[in-house]
Each structure stands twice: as C-alpha cells, then as structure tokens.
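Novice:
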Amino acid sequence: MDSSSNMLYVADTDNHRIMSYVLNSPVGIIVAGVIANCGVYTIVQWVIGSSGWTILVGCVGIYGSSPLMLYGPMGATLDSMGNIYVADAYTHRIQFFATGQRNGTTIAGVSGTTGMLSSQLNSPRSIALGNQLNMYVSD
C-alpha cells in the first residue's frame, strides 16, 4: 500500500504479474515487466498501463525443448542489456535469449535430463542475476 498515492500493489501469483489498484477501484493495471507465462509456454512483457502483452520468446500453446520452445517456464529475468534468462522447469534447463532473438541457448542444466550432478538441474523454478551477472537459480 502506497498511502501517498492511494495505490495498492498486489502480487497476483497464479497469473505471474504485479497489479496496482487505486483504492476502492475494482479495475487494476499490470505494472510488472517480464512474466513467465508457464501455462502457455511463453515469456511475455507487459508495458505499464497497457491492456495486453507482447510475446518475447516461446510459442503459444506449443511446448518443447528446441531452441525456440519452452516447457514450463517458471521464472524469467532481464539483464541490463535486455537479454532474457528463463528457468524452464520441465526441460530442466536455464535458457538464455539474446536481446531481440527468439532462439535460445541452454546455459545451465542438460535439456530434457533431470538429475543431481553438478551439471544438471531438476525443475528450476526461479532465477536472479547479481550485480556482476552472477546467476542464482532456485532448483
């Protein structure tokens, strides 16, 4: 709650977004940036104040493990250059998408293979980047 602007901010977990509402208003606006849209296998971007999103990577309704596809994207983050990092849970990998590119590169995990070896992931859920682009993965 921001009392100076009478805005209420809500983490809409199952829709993977942050909403803002003017107090006592039933209609909110999406204020999040990049969203892992797990149910339809895409990463989307909401522009503040817009009523729709732009698909950045993935194929709506089509899942897979190819460089173009995602299968269970649970978390996504951007670096300062606009590159996208995706925790793709069901393929057990972290995908990297260079700015403006739809083909990803697996930078952690082994696509489609789960395990406990240091080179493997088991359903990564979220990802964060540190100041020096150190990557932190919740696996």
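Under UniProt numbering, the first residue of the sequence shown carries the number 1, and numbering increases by one thereafter. Cβ coordinates follow ideal geometry from the N, Cα and C atoms, glycine included.
1) Just to confirm, are T113 and N122 a CB contact at a threshold of 7 Å?
2) What is the residue span of the beta strand (DSSP E) that G72 lies within?
3) Nearest-angstrom Cα distance between residue 193 and L56?
4) Note down, in chain order, each residue of its chain lying with its Cβ closer than 6 Å to the Cβ of A108, except the 5 sequence neighbours on either side.
5) Taking the alpha carbon of Y90 as the reference point, which residue from P73, V60, I30 has its own alpha carbon closest?
6) Which class does D90 belong to by DSSP, given the choice of helix, strand or coil?
7) Between L117, M69, M116, S119, which lies nearest to F97 when the distance is taken from Cα to Cα?
8) Run the CB neighbour count on Y9, radius 10 Å, all protein chains shown included, and call it buried at 16 or more, exposed below.
9) Measure the alpha-carbon distance for C38 versus S5 and round it to whole angstroms.
10) Taking just the CA atoms, how far does V44 sit from S119?
Specialist: In brief:
1) no
2) That residue, G72, is in no beta strand (DSSP E); it is neither H nor E in DSSP.
3) Given a span of 1 to 139 for the chain in the structure shown, any question on residue 193 remains unanswerable.
4) I94
5) P73
6) Checking the displayed sequence, the identity of residue 90 turns out to be Tyr instead of Asp. The answer is helix: DSSP assigns Y90 an H, G or I state.
7) M69
8) exposed
9) 32 Å
10) 28 Å
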